[in-house]
Amino acid sequence: MQHSKSKWLAFIIGVILCTGSSTPGLGATKQDELKQIERDIREEKKRSTDLKSKSENLKAEAEALRAELIALSQSVQQREANVTRLEIALEELAREENTARQDLEKRHGQSVDTLMALQRLALNPPEALIASPQEPADMVRSAILLRSLVPQIQQEADLLRRDVENYAQKRKLLQSRKESLDRANLNLDDERRRLDLLIKEKNNLSKRYVADSQAARKKANQLSAKARSLRELLKRLETERKAQEKRDQEKAARDKAKQKQTPKDDGDNDESEIVLGKPPTGKPIAKSKGELSRPAAGPIVMKYGAKEKLGGKHKGISIKTRTSAQIVATYDGQIAFAGPFRGYKQLLIIDHGDGYHTLLTGMDRIDVSEGQWLLSGEPVGVMSSNRSSDATLYFELRKNGAPINPLPWLRRQNAKARG
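Mapping to the working numbering: the sequence shown position 389 is 389, numbers consecutive.
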């Protein structure tokens, strides 16, 4: 009995010793795993913070770039208008100079005979009149007539002299304006190059995150292939916009529910904003009548409702532009379509919300893509650089698919642009 007890006691001690010797090892392993998890969490938090910081920096860079693009586009359009004014002034001065030269030549011819007669009278002494075959009375009348013309001719000569001096000044002014025009063209070319570089920089920035833009472009191309007219295209685009809006709301609801379970990650939204921008927060276009930017600098050569050559009525306005003229968004909105459509080489449709769309065509190059959000005055494209072609931009404003007169909606040219 005593032997049995000793045996049982030895067994218990052995178990205790074994348990005691193995427990520290097991605890150390668990602690190592816990420390590794904690390190992973810290690294993940740091990576998330770094990514968010980088994303915020990129967004700030994109916003600063957008502001600079708008300001530079406005400056380019002002310089384009200034160059056009200088060219018109030069043409007018050249016409005035040419008219003045023709008038001087004409009056000179009319005065030659009279001046020659006066010269002969001045050279002939009074005694020479006696030898003249004319009757004395006729000779006296001729002399009196010629002498009476002297003050009149003198007055005309003075006027001619003043005219010559005046148009000599105009020739000098003409030369000065030509030099001003040359400088203005150089400045315009410099700013266009700067603008092109900024647009490329913006595009390069956006290329890092292009999935959303490519999806929007693919959808727009599919819709344009099915549409048979502009009105139908706009209808399809509006239907798709509402469907996308619904999908976005559903996704936002799912994301909100998910955020209750997992930490919030704004990376995808930040990347999307870098590519597409974010929806403007300004007032709706319906309350902005008379505040829309002009899409291009230049005179309106055909107004809304004007009769066209084929008999129809003009549904928008046509603006004669300079070659390589800069085209901008007339108001805040989102690109609904950009590219060829039916008979249009380059068609740009901007959705401004509340059923309002602007349509621009005639451009040689479009610098924006579907899905991108724009601010008023932001560059969207460029006219052709071909000087032999007649550069004309066609601009439409539509409400629920139907064209409306855009002129009352455009800001006056001398009004200050909103910043």
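For every residue, glycine included, the Cβ atom is placed at its ideal position computed from N, Cα and C.
Annotation: residue 343 to residue 94 spans about 41 Å, alpha carbon to alpha carbon. Nearest to residue 193 by C-alpha distance, out of 76, 176, 229, 332, is 76. When 313, 185, 351, 288 are compared, the shortest CA-CA separation from residue 78 is found for 185. Within the DSSP bridge table, the entry for residue 357 names 351, 398 as partners. Using a Cβ-Cβ distance cut-off of 8 Å, the segment 356-371 and the segment 380-397 are in contact, since at least three pairs of beta carbons, one from each stretch, lie closer than that value. Distance from residue 316 to residue 304 at the Cβ level is roughly 6 Å; contact confirmed, criterion being Cβ atoms closer than 8 Å. Across the structure, residue 84 and residue 239 are spaced so that their CA atoms are roughly 42 Å apart.
Following the DSSP letters along the chain, one finds residue 334 inside the beta strand (DSSP E) bounded by residues 333-341. The Cβ atoms of residue 379 and residue 70 sit closer than 9 Å to each other.
The three-state reading of DSSP puts residue 295 in coil, since its state is none of H, G, I, E or B. Residue 330 is positioned such that its CB atom lies closer than 9 Å to that of residue 350. Per DSSP, residue 284 is not a residue of any beta strand (DSSP E), being assigned neither H nor E. In the three-state reduction of the DSSP assignment, residue 393 falls in the strand class.
Excluding its 5 nearest sequence neighbours in each direction, residue 89 has C-beta neighbours in its own chain below 8 Å: 177, listed in chain order. When DSSP states are grouped into helix, strand and coil, residue 372 belongs to the coil group. Under the DSSP assignment, residue 318 falls in the beta strand (DSSP E) whose first and last residues are 317-320.
Cα atoms of residue 168 and residue 99: separation of roughly 13 Å, rounded to the nearest angstrom. Under the criterion of beta carbons closer than 8 Å, residue 328 and residue 73 qualify as touching, at roughly 5 Å. In terms of Cβ geometry, residue 97 and residue 174 form a close pair [threshold 9 Å].
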